[in-house]
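Residue numbers (the numbering used here), protein chains in the order written: chain A, 1 to 213; chain B, 1001 to 1213.
For each residue, glycine too, the CB sits at the ideal point set by N, CA and C.
The block underneath contains the structure these notes are about, expressed in structure tokens.
Protein chains: 2
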Amino acid sequence: MRKSSTSLYLADIGNTNVKFWRDGNFEVLSLKDFTPEKFTENIFYISVNQSLKNVLSSLKNWTNLESFVEIDTNYKTLGIDRKVAIYGVQNGIVIDMGSAITIDVVKNSVHLGGYILLGKSFLIESFREKIPNLSFGNEKLSDEVLPEKTGDALLSGFYHQLVSFIRDLEKRYKTEIVFTGGDSEEMSEYFPNASFDKNLIFNNMRKVVEKNF
Amino acid sequence: MRKSSTSLYLADIGNTNVKFWRDGNFEVLSLKDFTPEKFTENIFYISVNQSLKNVLSSLKNWTNLESFVEIDTNYKTLGIDRKVAIYGVQNGIVIDMGSAITIDVVKNSVHLGGYILLGKSFLIESFREKIPNLSFGNEKLSDEVLPEKTGDALLSGFYHQLVSFIRDLEKRYKTEIVFTGGDSEEMSEYFPNASFDKNLIFNNMRKVVEKNF
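This is the structure:
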């Protein structure tokens, strides 16, 4: 068993970057700059990245937490990032706002299902690639205001549509909302009563490590 | 003035293809196969495509309808496709579901504003490019069912989020919903009382031609 005083190194490997947590300190590395072989420390990780799967499993100092995260669900192929986000949740709608947005509904410790949407950064990239003459604005509007220019129609389109959807889920499943992920703070003006935990994934990864190692 | 018996040729030039209407017959051409110089007939058109602007305006048989479509709005740079979609509307939320989705709210013949969202085909392309290990399902779920697999989480994520948003707008602006565009028929199960007019753009372009030529 791990001593609680032992230094702890965690990694959350996503589709655009790798986030590290080391004894309370955070670091983010772009995926293209990430070379797992270069690390000599013992690292506990989760990864949604298929291309790194073989390399990571061949390295003895990298420990995949996936098999230690059990979730009661009928959902097929629930990503490990989503499993960790709802780890230990009894009731809640957990929303992880990264380059993809995942929404997961848990009632009585059972995961009922969820959604995957395009996140803000990927959405902006997609418009830039596909309709380059349309540009996103910088400031989102209150969801009671209708956009009157293209930049707002795009940026507030992203937020207002998401807000309507989450409010509907909140009404339907009558449970609290928990936000995490890089863009989650942007939602606080629309959901003043929701919980915001930017470090939810690392906090839950720590729980998994403490329970199993 | 045009004789009403004269043959009428219309073109709606978008971001992915060009749609033609000729005396009641439809044709769609991929943008990459579209060479405006090859057409010898007189064609009335609208275009959101910036790259074709100069070529089209140099051709005498192509008549741009843009300057004949006046809309009462404070919206800056409202695209001509959206102007034509709401042309003649007194009260309504007009939703054009193409590769981009535009939503426009009109009350008492005044355009109050609107949104631009990523349409289904662009969304599917974006996920394929950015997170290739996730694939869309083919059948959407009722909006009262939570997805329990990735394909549903993606496809129904697109529909359910949009449905929540449109219902919110319907409640807020208390006016009827009009759907148009290639993916609009998919919304009929969620909005049984809405109007569906796949040919709204061409029908309104005809009105513009009849009034002005």
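Around Ala153(A), the beta-carbon contacts reaching into chain B at under 7 Å are Gly1114, Tyr1115, Ile1116. Scanning the stretch 139-198 of chain A from its first residue to its last, the whole beta strand (DSSP E) runs of 3-plus residues come out as 177-180.
C-alpha of Leu1118(B) to C-alpha of Ser109(A): approximately 34 Å in a straight line. Excluding its 5 nearest sequence neighbours in each direction, Asn54(A) has no C-beta neighbour in its own chain below 7 Å.
Taking 9 Å as the upper bound on Cβ-Cβ separation, chain A lies near residues Asn1074, Tyr1075, Lys1076, Thr1077, Leu1078, Gly1079 of the stretch 1074-1085 of chain B. From the beta-carbon of Leu146(A), the residues of chain B found nearer than 7 Å are Val1105, Leu1112, Gly1113, Gly1114. Going by beta carbons, Phe1020(B) and Phe1026(B) fall inside the 8 Å limit. At a cut-off of 8 Å, the C-beta of Thr1180(B) has no neighbouring C-beta in chain A. C-alpha of Ser195(A) to C-alpha of Gly1088(B): approximately 46 Å in a straight line.
When the Cα atoms are used, Gly98(A) and Lys120(A) turn out to be separated by approximately 8 Å.
Beyond the five residues adjoining it in sequence on each side, Asn203(A) comes within less than 8 Å, by CB distance, of Asp197 in the same chain, given in chain order. The three-state secondary structure of Lys1107(B), taken from DSSP, is strand. The DSSP-derived three-state label of Phe26(A) is strand.
When C-alpha distances from Tyr173(A) are compared across Leu1146(B), Ser1051(B), Leu1065(B), the shortest belongs to Leu1146(B). A contact is defined here as three or more CB-CB pairs under 8 Å, and the stretch 1156-1172 of chain B meets this definition with respect to the stretch 1100-1114 of chain B. DSSP places Leu117(A) within a strand segment (E or B) once states are collapsed to three.
Not flagged as an interface residue toward chain A: Ile1201(B), since no C-beta distance is shorter than 8 Å. Straight through space, the alpha carbons of Phe1158(B) and Asn91(A) are spaced by roughly 24 Å. For Phe1044(B), the three-state secondary structure derived from DSSP is strand. If the five residues before and after Thr1063(B) are omitted, its C-beta is found closer than 6 Å to the C-beta atoms of Phe1044, all from its own chain and listed in chain order. Counting of Cβ neighbours within 10 angstroms places Thr1150(B) among the buried residues, the total reaching 16 or more.
Here Gly24(A) is exposed. Its C-beta has fewer than 16 other C-beta atoms within 10 Å.
Against chain A, the beta carbon of Gly1157(B) has neighbours under 7 Å at Tyr115, Ile116, Leu117, listed in chain order.
Beta bridge pairing from DSSP links Lys19(A) with Asp12(A), Val28(A).
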